[in-house]
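K.L.:
Line by line, the protein sequences are chains S and U. Taking my numbering, the leading residue of the first sequence gets -1, the next gets one more, and so forth. Taking my numbering, the leading residue of the second sequence gets 43, the next gets one more, and so forth.
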Amino acid sequence: MRWTWVTTYGSTYLDALGWTLLAALLASAGSMFWGCVLFLIRLMGGRAAALGVGGYVQVFRNTPVLLPIYVIYFGFPLVGLPWPALACGALALVLQNGAYVSEILRGSFRAIDRVQFDAAKSVGLSPWQTFRKITLPQVLVHSIPSLGNQVVALIKDTSLLSAIAVTELTMQAKLLTERTGAAYEAFMVVAALYLVLVFATEALFRTAHRAVRWR
Amino acid sequence: MTQGGLDIPTLVILLKGAGVSLGLACAAIACATVLAVLLTALAFSRLLPVRLFYRLYIYVIRGTPLLVLAMLIFYALPAFDLRTGPYLAAVVVLAIYVAALFAEVFRGGVLAIPRPQWESAKSLGLPPGAMLRKVIGPLVLRYTLPSYVNVCVMAVKATSVLSIISVWELTLASREIIERTLAVFTILGTAGAFYFVMCLGIDRAGRRLEQRLALRGFGGEHA
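#1: Since ARG250 (chain U) is in the alpha helix (DSSP H), which residue starts that stretch and which ends it?
#2: Of all the residues that make up the stretch 47 to 64 of chain S, which are near chain U by a beta-carbon distance shorter than 9 Å?
#3: Throw me the rounded Cβ distance for the PHE37 (chain S) and LEU103 (chain S) pair, which I believe falls under 8 Å.
#4: Run down chain S in chain order and give the residues with a C-beta less than 7 Å from the C-beta of ILE50 (chain U).
#5: May I ask which residues mark the beginning and end of the alpha helix (DSSP H) holding THR205 (chain S)?
#6: Run down chain U in chain order and give the residues with a C-beta less than 8 Å from the C-beta of LEU193 (chain S).
#7: Considering only the beta carbon of each residue, do SER205 (chain S) and VAL149 (chain S) sit closer than 7 Å?
#8: Using a Cβ-Cβ distance cut-off of 7 Å, determine whether THR228 (chain U) contacts chain C.
#9: Whose CA, out of S:GLN94, S:GLU183, S:LEU20, lies closest to the CA of VAL215 (chain S)?
#10: How is the alpha helix (DSSP H) around LYS119 (chain S) delimited, first residue to last?
#11: Within the 7 Å Cβ cut-off, does THR133 (chain S) reach chain U?
#12: Please return the same chain residues whose Cβ sits closer than 6 Å to the Cβ of TRP81 (chain S), not counting the five positions on each side in sequence.
#13: Determine the DSSP secondary structure at GLY214 (chain S), reduced to helix, strand or coil.
#14: With a threshold of 6 Å on Cβ separation, who are the neighbours of LEU194 (chain U) within its own chain once the five nearest residues in sequence on each side are excluded?
#15: Can you give the Cα-Cα distance for LEU94 (chain U) and PHE72 (chain S), rounded to whole angstroms?
#16: Please classify ILE50 (chain U) as buried or exposed, where buried requires at least 16 neighbouring CB atoms within 10 angstroms.
#17: From what residue to what residue does the alpha helix (DSSP H) around ILE39 (chain S) run?
#18: Examine chain S for any beta-carbon lying closer than 7 Å to the beta-carbon of MET196 (chain U), and answer yes or no.
#19: Does GLY167 (chain U) come out as helix, strand or coil in the three-state DSSP assignment?
#20: Is PHE86 (chain U) helix, strand or coil when you go by DSSP?
#21: For MET43 (chain U), count the other beta carbons within 10 Å of its own beta carbon; 16 or more makes it buried, fewer makes it exposed. Which is it?
#22: Would you please state the rounded distance, in angstroms, between the beta carbons of LYS172 (chain S) and MET113 (chain U)? I believe it to be under 8 Å.
#23: What did DSSP end up calling THR215 (chain S) once you bin it into helix, strand or coil?
#24: Could you check what DSSP says for THR128 (chain S) in three-state terms: helix, strand or coil?
#25: Mark ARG149 (chain U) as exposed unless 16 or more other C-beta atoms lie within 10 angstroms of its C-beta, in which case mark it buried.
#26: Interface residues of chain S around ILE219 (chain U) at Cβ under 7 Å?
#27: With a threshold of 16 other CB atoms inside 10 Å of the CB of GLN170 (chain S), please say whether the residue is buried or exposed.
#28: Give me the subset of the stretch 236 to 249 of chain U whose CB atoms are less than 7 Å from a CB atom of chain S, sorted by chain position.
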């Protein structure tokens, strides 16, 4: 591999990295929010709501992400919503990853010992106080490692946005390969960049978990 | 074609695509299982470089998107003068990817075996081969089946990624149809239903197998 490759196309890669990061950040933030909403609906919404959210999760767990990406990208213009490709892709990632996030939160919620709720009641905490002071902190702390894994999966899934012409890392590598005829240099660099992103994300979540674990 | 857009010929094309997706996934799962058993053996090697190689393989494969891996192999193979059909290359990529996931599942299964099992197998004087076949293998199979099935479901979903590098399967078939007919919601909805049925089918079959293989004394849902 020629090292001049990196210097020649450095700015192209940086530009592409920016799009990947933007997509990943937008989609991560959206997924966390949407996952929390789904979790709360399932927790407090009664039987019908629980069934609805359960069905939603099943559908998104058992279909590939590429389908919602295409549904939104090709479908939105038909119903009068000409969104940019990046927004379409990010929304699809949010819909899918939100389902996973809600399941992670639910798992953490179920790991809380029932005795704690009795204890909370016996010291006179209101339901809202119990949720805010007992339930929520434990759910969040317990979820951090799994949420980290989910964000890593999401970062890798941003590569699928190349299918709808977002010029993120994977798309740019493909374009460079086709333009220059170099067989693998472009993809090697991009693979290394993804590895760095994944490594940094894992480190971030590990640090966060360590910081809040014992309180 | 405008409204609806789901006539019999279209449905047949989608069914064919679903068949290709399932075939790709099955071939990849079969190859990946063999590869993963070998990789797991590396993970428990006595030699540090071998164990490091295992860790590196897992880290690189799990840290890289499948699509990047697939493009790398698709563009690089001709450069090495290895001209293969898209389907063979697709199975190779999927197998390499899924093997890393399987290997971690198997490694976890081996680590989960209670110590007395090893010790009693050794004290009975079982040779290593018989120990693997009669004690470790059956236990790992039972410990890891739920996660193994999860990865299989993931493999079916992962085949859709290959559509981006023009492997014709369910997702590419749907994309071709919607670009022609604009029946976006019906076609992709149908494709989604096919994926859903395939994934849920594998999930249910796995659960049934789990019940059939359940051993007394190693019961419980996670054992």
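Note that CB positions come from ideal geometry on N, CA and C, so glycine has one too.
P.N.:
The structure says:
#1: 226 to 255
#2: GLN56, VAL57, ARG59, ASN60, THR61, PRO62, VAL63, LEU64
#3: 4 Å
#4: Under the 7 Å cutoff, chain S gives no residues; its nearest Cβ is about 22 Å from ILE50 (chain U).
#5: 183 to 210
#6: TYR101, VAL102, GLY105, THR106
#7: Going by the sequence as given, residue 205 (chain S) is Thr instead of Ser. Taking 7 Å as the Cβ cut-off, THR205 (chain S) and VAL149 (chain S) do not qualify as a contacting pair.
#8: Reference to chain C is not applicable here, since the protein chains of this structure are S and U.
#9: The question about residue 215 (chain S) has no answer, for chain S in this structure spans -1 to 213.
#10: 113 to 120
#11: no
#12: PHE74
#13: Residue 214 (chain S) cannot be examined here, being either before or after the span of chain S that is shown, -1 to 213.
#14: Checking the sequence, you will find Cys at residue 194 (chain U) rather than Leu. Same-chain partners within the cutoff: ILE71, ILE244.
#15: 45 Å
#16: exposed
#17: 2 to 42
#18: no
#19: coil
#20: coil
#21: Model confidence at MET43 (chain U) stands at a pLDDT of 43, short of 50, so the residue's coordinates are unreliable; what they give is reported in the following sentence. Its Cβ having fewer than 16 others within 10 Å, MET43 (chain U) is exposed.
#22: 6 Å
#23: Because chain S spans -1 through 213 in this model, residue 215 (chain S) falls outside it and cannot be assessed.
#24: helix
#25: buried
#26: Ordered by position in chain S, no residue passes the 7 Å Cβ test against ILE219 (chain U), which lies about 11 Å from the chain.
#27: buried
#28: TYR237, PHE238, CYS241, LEU242
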